[in-house]
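K.L.:
The sequence shown maps to residues 10 to 141 in the numbering used here. One structure, as structure tokens, below. Some questions next.
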Amino acid sequence: MTKLELKIQEKYKTSVEEFVRRALVKYGDKIDEIILFGSVARREAREDSDIDILVIGDVSLDELVNISFPILLEYEKLISAKNMNKEHFDFLVREGYSFASTISKEGIILYEGMGKAFGESRREAQLSESFI
Numbered sequence: 010m011t012k013l014e015l016k017i018q019e020k021y022k023t024s025v026e027e028f029v030r031r032a033l034v035k036y037g038d039k040i041d042e043i044i045l046f047g048s049v050a051r052r053e054a055r056e057d058s059d060i061d062i063l064v065i066g067d068v069s070l071d072e073l074v075n076i077s078f079p080i081l082l083e084y085e086k087l088i089s090a091k092n093m094n095k096e097h098f099d100f101l102v103r104e105g106y107s108f109a110s111t112i113s114k115e116g117i118i119l120y121e122g123m124g125k126a127f128g129e130s131r132r133e134a135q136l137s138e139s140f141i
């Protein structure tokens, strides 16, 4: 990885960590999982890439915008947050819908309920090797 690629990845890491922190402080009791997906998760992000995050739980899109917009202003990184409840996401995975299946296979779990965060989830190795 080049120095430029490392610098780009570090910018995304800071924004992602801040999003997760703020989401859990404000809505932690309503969140089952937070999953990073897309180019940042695949380590293919360019300087102008957005950050794709799926929040599974009972959090509205407006609530996610209230978290992501200040991060855009502060870190100049756009977070494209999506929301879905756990039952619906599990159904989409079971039925083989590509969006959910891809996230399930390639996504990096940043938070998994029951107080697990940043590397304590079932994908600890993937998170530490692929993102941090």
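Every residue, glycine too, gets a C-beta built ideally from N, C-alpha and C.
1) With DSSP as the reference, label Lys35 as helix, strand or coil.
2) Can you determine whether any heavy atom of the ligand MG sits closer than 7 Å to the C-beta of Glu121, and answer yes or no?
3) Note down, in chain order, each residue of its chain lying with its Cβ closer than 8 Å to the Cβ of Phe46, except the 5 sequence neighbours on either side.
4) Just mark Glu42 as buried or exposed, buried being the case when its beta carbon has 16 or more other beta carbons within 10 Å.
5) To the nearest angstrom, how far is the alpha carbon of Lys95 from that of Asp57?
6) Helix or strand or just coil, what does DSSP make of Asn92?
7) Between the alpha carbons of Ile141 and Gln18, how many angstroms are there, rounded?
8) Helix, strand or coil, according to DSSP, for Tyr21 in the structure here?
9) If you scan the stretch 29 to 83 from start to end, which runs of the alpha helix (DSSP H) of 4 or more residues do you find wholly inside it?
10) Can you tell me the Cβ-Cβ gap for Ile76 and Ala32, rounded? I've got them flagged as a contact below 8 Å.
11) Going by the beta-carbon positions, is the gap between Tyr21 and Lys86 smaller than 8 Å?
12) Drop a sphere of 10 angstroms on the beta-carbon of Phe98, count the other beta-carbons inside from all chains shown, and report buried for 16 or more, exposed for fewer.
P.N.:
The relevant details are as follows:
1) Helix at Lys35.
2) Within the structure as shown, the ligand MG is missing, as the structure has no ligands at all.
3) Asp61, Ile62, Leu63, Thr111, Ile112, Glu115, Gly116, Ile117
4) Around the Cβ of Glu42, a 10 Å sphere holds 16 or more other Cβ atoms; the residue is buried.
5) 30 Å
6) strand
7) Any reading at Ile141 must be qualified, since the residue scores a pLDDT of 46, below 50, and its modelled position is unreliable; the value itself is stated next. Going by the C-alpha atoms only, they are around 9 Å apart.
8) helix
9) List check, alpha helix (DSSP H) in window: nothing returned.
10) 5 Å
11) yes
12) buried
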